[in-house]
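Asks:
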Amino acid sequence: MDLQKTNVVVIGAGTVGAMALWQLSKRDSLDVVGIEQFGRVHSHGSYVGESRVFRTAVHEGGTYVPMIQRSRDLWRELERESGRSIYDEIGALSIAPEGFPDLVTALGTVRDFDLPHRVLSTEELRAEFPQHRVQDGDIGLLDAHGGGLRPEVAIMSALDLAESNGAKLFFNTPVIDIEERVNGVVVRTTQGAWLADTVVVASGSWSTRISPELNDLLRLQVLGLTWFMPKRPELFAPDRFPVFLRDAGSVHFFGAPSFDGYAFKACTNPEWPVFRDVDEVPTSHTREELIRIGQRAAELFDGINPEPVRQSVHHCAYTPDRLPVIDRNASGRIVTLAGLSGHGFKFAPQLGEWAAKLVKEEDATVDPRFALPAHLERLAKTGPYTGGGH
1 MDLQKTNVVV IGAGTVGAMA LWQLSKRDSL DVVGIEQFGR VHSHGSYVGE
51 SRVFRTAVHE GGTYVPMIQR SRDLWRELER ESGRSIYDEI GALSIAPEGF
101 PDLVTALGTV RDFDLPHRVL STEELRAEFP QHRVQDGDIG LLDAHGGGLR
151 PEVAIMSALD LAESNGAKLF FNTPVIDIEE RVNGVVVRTT QGAWLADTVV
201 VASGSWSTRI SPELNDLLRL QVLGLTWFMP KRPELFAPDR FPVFLRDAGS
251 VHFFGAPSFD GYAFKACTNP EWPVFRDVDE VPTSHTREEL IRIGQRAAEL
301 FDGINPEPVR QSVHHCAYTP DRLPVIDRNA SGRIVTLAGL SGHGFKFAPQ
351 LGEWAAKLVK EEDATVDPRF ALPAHLERLA KTGPYTGGGH
């Protein structure tokens, strides 16, 4: 098989791969190739589902604040360059009992970093956001810089820009394997082979198939999405209903307003097991799961039909401590970004920028805990991810 030579091959054109291609394509004198096993902006990835929650009041802790602030700037840059609406800054509302750990962490984050926000009492929540059935003792945190991202539009925009900047994109082209050599990395696909100076592995839930060294570290968590019809859709419009996180007892919901004019997104995940390979993941909710989700939704939201009008099931690769893998191997020829653990999309532009910097051996200021050797060292002590994250 003849080898086509290039500077960089990006494997995967989804959440991270599209952003890496966009960033790499802006670098001078780089020949960039992107390879995607499915079509352009497909329905199989972790990013699909019309909207994603964007929060600056992160409950994951202060480590992520510089990442989210840089990502916010880059989302705006992507909008400017593409001319498309991607980031709707309509606020992000977290509601939970006072003292709930994630809410306490988020409150500490907004105060430590002086992020614009409001704290709402139970009474204020009920008055301002009657769409939510607020329980006694609940408080709210309204993140002014939060909002909704349009993931499919974002991926399409990044890929279009990468292509217009000169990147060569190949779709419906599964990768068979990669092989590191002294003079580069060979990427074999069903449509041919490339010899690249550097390879970026950004294959999401399929990463273990490309990088076997991730097999013990990554597990797949099933992520279910559901949409409900309110009796008064105008109350769930973006100008009146921010994206949200809800915690009530052991139930966690997240979602977004009605961007389509008739249904809003409210999602919670059943007690699904974790999986090792994409082919094991269920492709739909069961009837019983949809009934339970609808019952829970009706307890938390006022004036809705508890039968989901739309549903889909997806997946994401998780690490045990839910920190992402962002790594350049010892030779510097293979850059890996994986294990986003259900909270990676809002950081996608920053991850793409880091990928480009790691390829160019620039200072990416990546948290050393994200490196693969650090992950494997912690894995030896904790064991793999077993589920329960949101």
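For the sequence shown, the positions run 1 to 390 when the UniProt record's numbering is used.
In this text, a Cβ means the ideal position worked out from N, Cα and C, and glycines have one as well.
1. For the alpha helix (DSSP H) that contains T208, what are its first and last residues?
2. What three-state label does DSSP hand R181 in the structure shown?
3. When the Cα of residue 417 is compared with those of F275, A57, A13, which residue comes out closest?
4. Identify which residue in G49, G91, V32, T105 has its Cα closest to the Cα of G62.
5. Just to confirm the assignment, what range does the beta strand (DSSP E) spanning G352 have?
6. According to the neighbour-count rule (16 or more other Cβ atoms, all chains shown, within 10 Å of its Cβ), is T15 buried or exposed?
7. Nearest to V222 by alpha carbon, out of V278, G108, D197?
8. At 4 residues or longer, what runs of the alpha helix (DSSP H) sit wholly inside the region 203-246?
9. In chain order, which continuous runs of the alpha helix (DSSP H) of length 4 or greater are located wholly inside the region 92-131?
10. Could you tell me the boundaries of the beta strand (DSSP E) in which A364 lies?
11. With 16 as the cutoff for other CB atoms within 10 Å, does Y64 come out buried or exposed?
12. Terminal residues of the continuous beta strand (DSSP E) containing S312?
13. Considering Cα atoms alone, identify which of P212, R246, Q295, W206 is closest to F228.
14. Can you say whether D28 is buried or exposed, counting buried as having 16 or more other CB atoms within 10 angstroms of its CB?
15. Residue ranges of each beta strand (DSSP E) run of no fewer than 3 residues wholly in the region 254-339, ordered along the chain?
16. Assuming the contact rule is C-beta atoms closer than 8 Å, Q131 and F241 should be a hit. Round their C-beta distance to whole Å, please.
17. Quick one: what's got a C-beta closer than 8 Å to R40's C-beta in the same chain, skipping five residues either side?
18. CB-CB under 7 Å to I86, same chain, minus the five flanking residues each way: which ones, in chain order?
19. Residues in the same chain with beta-carbon distance under 7 Å from A20, minus the five sequence neighbours each way, listed in chain order, please.
20. For the beta strand (DSSP E) holding Q4, just list the boundary residues, first then last.
21. Of all the options F253, N183, G388, P306, which has the alpha carbon lying nearest to the alpha carbon of V53?
22. Is it a yes or a no for the region 316-331 touching the region 289-303, going by three-plus beta-carbon pairs under 8 Å?
23. Evaluate contact between the region 258-277 and the region 184-201, counting only Cβ atoms and requiring at least three cross-stretch pairs below 8 Å.
24. Any idea what DSSP makes of K168, helix, strand or coil?
25. Report back the beta-carbon spacing between V313 and S284 to the nearest angstrom; my notes put them in contact at under 8 Å.
26. When DSSP labels each residue in this structure, what does D197 get in the three-state scheme?
27. What's the gap between the Cα of P384 and the Cα of A127?
28. Compute the Euclidean distance between the alpha carbons of T208 and L218, then round it to the nearest angstrom.
29. Mind checking which residues open and close the alpha helix (DSSP H) that includes D143?
30. Are the beta-carbon atoms belonging to G166 and S25 less than 8 Å from one another?
31. Measuring CB to CB, does T189 end up less than 8 Å from I35?
32. Locate the beta strand (DSSP E) running through L149, then write down its first and last residues.
33. Cα-Cα, which of L372, K5, P257, F275 is closest to L214?
Replies: In short, the structure shows the following:
1. Within the sequence shown, the letter at position 208 stands for residue 208. Unbroken alpha helix (DSSP H) run through T208: 207-210.
2. Numbered from 1 along the sequence shown, position 181 holds the residue referred to as residue 181. In the structure shown, R181 adopts extended strand secondary structure according to DSSP, grouped into three states.
3. Here the chain comprises residues numbered 1 to 390, so residue 417 is not present and cannot be evaluated.
4. Taking the first residue of the sequence shown as position 1, residue 62 is located at position 62. The shortest Cα separation from G62 among G49, G91, V32, T105 belongs to T105.
5. On the sequence shown, residue 352 is found 352 positions in, with the first residue counted as 1. G352: not part of any beta strand (DSSP E); member of the alpha helix (DSSP H) spanning 348-359, first to last residue.
6. Looking up residue 15 in the sequence shown gives position 15. In the assembly as shown, T15 is a buried residue. Its beta-carbon has 16 or more other beta-carbons within 10 Å.
7. Counting from 1 along the sequence shown, the entry for residue 222 is found at position 222. Selected option, being the one with the closest Cα: V278.
8. Listed in chain order, the complete alpha helix (DSSP H) runs (minimum 4 residues) inside the region 203-246 are 207-210.
9. The region 92-131 is shown to contain whole alpha helix (DSSP H) runs of 4 or more residues at 101-112, 122-128, in chain order.
10. Reading the sequence shown from its first residue, position 364 is the one you call residue 364. Note, A364: premise wrong, no beta strand (DSSP E); not H, not E.
11. Stepping through the sequence shown from its first residue, residue 64 is reached at position 64. Buried: at least 16 other Cβ atoms inside 10 Å.
12. On the sequence shown, position 312 is the one that residue 312 refers to. Its beta strand (DSSP E) spans residues 310-318.
13. Numbered from 1 along the sequence shown, position 228 holds the residue referred to as residue 228. Put simply, of P212, R246, Q295, W206 the residue whose alpha carbon is nearest the alpha carbon of F228 is Q295.
14. Taking the first residue of the sequence shown as position 1, residue 28 is located at position 28. D28 sits exposed, since fewer than 16 C-beta atoms from the chains shown fall within 10 Å of its C-beta.
15. Scanning the region 254-339 from its first residue to its last, the whole beta strand (DSSP E) runs of 3-plus residues come out as 264-267, 310-318, 325-328, 334-338.
16. Looking up residue 131 in the sequence shown gives position 131. Looking up residue 241 in the sequence shown gives position 241. At roughly 6 Å, the Cβ-Cβ gap stays under 8 Å, so Q131 and F241 are in contact.
17. Locating residue 40 in the sequence shown gives position 40, where the first residue counts as 1. Same-chain partners within the cutoff: A13, M156, L159, L169, F171.
18. By one-based count along the sequence shown, residue 86 stands at place 86. Once the five neighbours on either side are set aside, the close Cβ partners of I86 are W75, L78, E79, L149, R150, V153, A154, S157.
19. The residue labelled residue 20 in the question sits at position 20 within the sequence shown. Same-chain partners within the cutoff: V10, V200, A202, G352, A355, A356.
20. Taking the sequence shown and counting its residues from 1, one reaches residue 4 at position 4. Per DSSP, the continuous beta strand (DSSP E) segment holding Q4 begins and ends at 3-11.
21. The count along the sequence shown starts at 1 and reaches residue 53 at position 53. Taking the Cα of V53 as reference, the smallest distance to any Cα among F253, N183, G388, P306 is reached at F253.
22. A contact between stretches requires three or more CB pairs, one per stretch, nearer than 8 Å, and the region 316-331 fails this requirement with the region 289-303.
23. No: the two stretches stay apart, fewer than three of their Cβ pairs being nearer than 8 Å.
24. Position 168 of the sequence shown, counted from the first residue, corresponds to residue 168. Here K168 sits in strand by DSSP.
25. What you label residue 313 is simply residue 313 of the sequence shown in a count that begins at 1. What you label residue 284 is simply residue 284 of the sequence shown in a count that begins at 1. Indeed, because the Cβ distance is near 6 Å, the residues count as touching under 8 Å.
26. Counting from one through the sequence shown, the residue named residue 197 turns up at place 197. In the structure shown, the three-state DSSP call for D197 is strand.
27. For this step, residue 384 is matched to residue 384 along the sequence shown. For this step, residue 127 is matched to residue 127 along the sequence shown. Each residue's alpha carbon lies about 44 Å from the other.
28. To locate residue 208, count along the sequence shown from 1; it is residue 208. To locate residue 218, count along the sequence shown from 1; it is residue 218. A straight-line Cα-Cα distance of about 8 Å links T208 and L218.
29. In the sequence shown, counting from the first residue as 1, residue 143 sits at position 143. No alpha helix (DSSP H) holds D143; the beta strand (DSSP E) holding it covers 138-143.
30. Position 166 of the sequence shown, counted from the first residue, corresponds to residue 166. Position 25 of the sequence shown, counted from the first residue, corresponds to residue 25. In contact: G166 and S25 (Cβ atoms closer than 8 Å).
31. Along the sequence shown, one-based indexing puts residue 189 at 189. Along the sequence shown, one-based indexing puts residue 35 at 35. Yes, the Cβ-Cβ distance between T189 and I35 is below 8 Å.
32. Here residue 149 refers to the residue found at position 149 of the sequence shown. Bounds of the beta strand (DSSP E) holding L149 are 147-149.
33. By 1-based counting over the sequence shown, the position of residue 214 is 214. It is L372 whose Cα lies nearest to the Cα of L214.
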